[in-house]
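Enquirer:
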Amino acid sequence: MAITKSAKKAVKRSEKMRARNLVFKLEMKSSIKKLKKAVSESSGEFDLLLKKAYSSIDRAARRNIIHKNNASRKKSNLSKLVNKSI
Numbered sequence: 001m002a003i004t005k006s007a008k009k010a011v012k013r014s015e016k017m018r019a020r021n022l023v024f025k026l027e028m029k030s031s032i033k034k035l036k037k038a039v040s041e042s043s044g045e046f047d048l049l050l051k052k053a054y055s056s057i058d059r060a061a062r063r064n065i066i067h068k069n070n071a072s073r074k075k076s077n078l079s080k081l082v083n084k085s086i
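No gaps in the numbering here: position 56 of the sequence shown is 56 in the working numbering, and each next residue is one more.
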């Protein structure tokens, strides 16, 4: 439990940032899942879903929610997945 005033403020700030970061992380994960589901069902809307997934991955990397190399790896794996299914 935080004792000093600054520690209490830091706890409050970190809770807010965690909630904000969680939104971006969940958005990224859901867009990746939608793309993988579309690939497995072989529906033809890969371009739009891939663009949305790239955007959400880049947004998470830009906000330091995931590392830039992790973002690059995710994007590479998704493009391989889409190219293999076409």
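Glycine included, each C-beta is placed from N, C-alpha and C at the ideal position.
1) For Asn83, verify whether its CB is less than 8 angstroms away from any heavy atom of the ligand NAP.
2) Would you give the residue range spanned by the alpha helix (DSSP H) that Arg73 belongs to?
3) Which same chain residues end up closer than 6 angstroms to Lys74 when comparing Cβ atoms and leaving out the 5 residues on each side of it in sequence?
4) Taking a contact to mean a Cβ-Cβ separation below 9 angstroms, would you say Ala53 touches Ser31 in this structure?
5) Alpha carbons only, please: which of Leu49, Gly44 and Glu15 is nearest the one belonging to Glu27?
Expert: So, from the listed chains and residues:
1) Summarising the ligand content, the structure contains no ligands, and the ligand NAP is consequently not present.
2) The count along the sequence shown starts at 1 and reaches residue 73 at position 73. Residues Lys68 to Ser85.
3) For the purposes of this step, residue 74 is taken as residue 74 along the sequence shown, with counting starting at 1. Ile57, listed in sequence order.
4) For the purposes of this step, residue 53 is taken as residue 53 along the sequence shown, with counting starting at 1. For the purposes of this step, residue 31 is taken as residue 31 along the sequence shown, with counting starting at 1. Yes. Within cutoff.
5) Position 27 of the sequence shown, counting from 1, holds the residue named residue 27. Answer by Cα proximity: Leu49.
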